[in-house]
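Just below is one structure, and these are the notes that go with it.
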Amino acid sequence: MIIKARRNIRYHYNEPDLFIYGPNEKIKLKLSVSEYENITSLISKAYQGSEETELFEEFMRYRKLTQFLIEKHIFYLVDPEIYNIHKSSIYLPWVEEHCLSVEKGLKEIEKICVNIPQSFFGATCLKELLEENQIKSEITNVENIEVLTDGKIVAKYHIGKKGERIWVSTRNHRNFEEVSAEDISEKLLSGFLFYSAIISAIGKNSPVFNINTMMEVERKVAFDGIEKVDYQFSGRTHQDAIKNFNSLEIFVKKYDSKIVSFNNDKAYFNYNQSPLQVITVQTEDEENYYFADISYERLAQFLAEAAFLEILKNSYSKELLLKQQEKIIYSTQHDKTGELFRLDLNELEESDLISSLLNQEKLSVNFYLQSCVGGGYYLYVVNNDSETLIFQIPVRTAAQLTTVILTWISMYKNDVSVKESFFKSVDLNEFRFKEDGSLNWNISIQEKQVSGQQTTVGKILDENGFEYELLEVE
């Protein structure tokens, strides 16, 4: 067998400690300077790939250490015949990075075949690159780049242009335009497709790339939609709202989903954010959702516990459910019921702030509430000088109600269109009013008969620290 060190391992020496960073963990060894020099020689030899018996003979003293490094996947064993086929390939370091069993990964690569569309302007260039690395391919009558292993399609790649960016994606994005040699060189594009084919065959997820006019590259992971999946939910205890919001940011930044960014609308840095802070969300359908609050933590919590689910629903047409320890936090299935009653701002902790901001803007408004069938309330803003608006997400806590009111005030201050929010114009004459009403945040009644199935997006969020379980309604 051949003993080989992974190219992606890292190590550094801080006398007397040698730190080695492997694929799964960090290893710490106490060494003298002379021992450190011997072990770096061992690693250097293993980087080149060395016959097992030969390496053990040369570094007899470090036999147990070598075996330990193999167990920790810092070194690996590979059949000499397989290694000789692949040792000079471009992709060997990629396999070392993505596969614990490098030999298994190399065997998978031998099964790859790439179908290339005849219409692709870089078809010949891509085929030549694949052939140089012993990857089977065929230029044929297909619509997209198809990556197959054992005759089964493992990934399809679409090449398209959106604005100033070229995309290599597993999804056919909305409004993709055709890409030509005037937009990007066939050699550069073939390199991205070659890498994508290899990783799609051996890795857990397919890579996605977009390249701007300056040839700056953003890499994401394929996300082909919200699907049902089973996983072991971590069931974290309560943590702060910022960490939950960070989980959403990680998902948006890392995955090629229909939710493309936070705070990336053109007007974002022109908004007046004093004292109300703003978060915006952009989607592939060119929607922009605006939210604001004086408390960033409260704002982040509203995104995590309600608004993000509604944006997912709008993007993927899925009814979703958020749970925590079997308690329903939010459901996208909701409807209005009953008469409207006027909100007494004094029932909210931030009543003084809200009143002050309304006075500053010389706004003459009344706020009304209407019960939601599943619990909580819809907020209506009745502006005596203009239109009546409803916020289409039912609020389930006083904190959420405060966020929604402050969102509307911030929108007014920044002249943000109703279309860039969950507010909607309605005809007030369609509603009945009652003289008074009182807030009741006890909404346990909605727990009845609601269940859901775990989802791919819920699994991703859970892996990144989200404390809630995101389900698709059954």
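Under the working numbering, the residue at position 95 of the sequence shown is numbered 301, and the numbers go up by one with no gaps. Yeah, the Cβ is synthetic: ideal placement off N, Cα and C, and Gly gets one too.
Checking the DSSP bridge columns, you'll see P413 partnered with V427. Three or more Cβ pairs closer than 8 Å define a contact, and the stretch 310-318 falls short of that threshold against the stretch 244-254.
Taking the Cα positions, R425 is about 32 Å away from Y219. In the structure shown, E511 adopts helical secondary structure according to DSSP, grouped into three states.
If you look at D558, you'll find it in the alpha helix (DSSP H) that goes S557 to Q566. It is roughly 23 Å from the alpha-carbon of L505 to the alpha-carbon of Q531. Counting the other CB atoms within 10 Å of its CB gives Q566 a total below 16, which places it among the exposed residues. If one requires a minimum length of 3 residues, the beta strand (DSSP E) runs lying completely within the stretch 316-360 are 318-323, 342-346 and 351-355, in chain order. In the structure shown, the three-state DSSP call for T662 is helix. One thing to note: G664 has its Cβ no nearer than 8 Å to the Cβ of E680. Distance between H540 and T662, taken at the CA atoms: about 23 Å. T603 and A510 have their C-alpha atoms some 14 Å from each other.
Bridge pairing for K542: C578 [DSSP].
Residue pairing by DSSP places E678 opposite L526 and Q659 in a beta bridge. C-alpha of S386 to C-alpha of M421: approximately 15 Å in a straight line. By the Cβ-count criterion, S631 is exposed, with fewer than 16 other Cβ atoms from all chains shown falling within 10 Å of its own Cβ.
Between the stretch 491-498 and the stretch 431-444 there are fewer than three inter-stretch CB-CB distances shorter than 8 Å, so the stretches are not counted as touching. A direct Cα-Cα distance of roughly 48 Å separates S238 from S396. Annotated three-state conformation of K640 is strand, per DSSP.
For Y477, there is no enclosing beta strand (DSSP E), as DSSP gives it neither H nor E. The three-state secondary structure of Q488, taken from DSSP, is strand.
By the Cβ test, the stretch 634-645 is not in contact with the stretch 473-488, since fewer than three Cβ pairs between them sit closer than 8 Å. Straight across, the Cα-Cα distance linking S616 with E277 is about 57 Å.
Look at T594 here: in three-state DSSP terms it is strand.
Burial of H304 is indicated by the presence of at least 16 other C-beta atoms within 10 angstroms of its C-beta. The continuous stretches of alpha helix (DSSP H) do not include F225, which lies in the beta strand (DSSP E) extending over residues D223 to Y227. Residue I596 holds the alpha-carbon nearest to the alpha-carbon of F573 among D558, I596 and S562.
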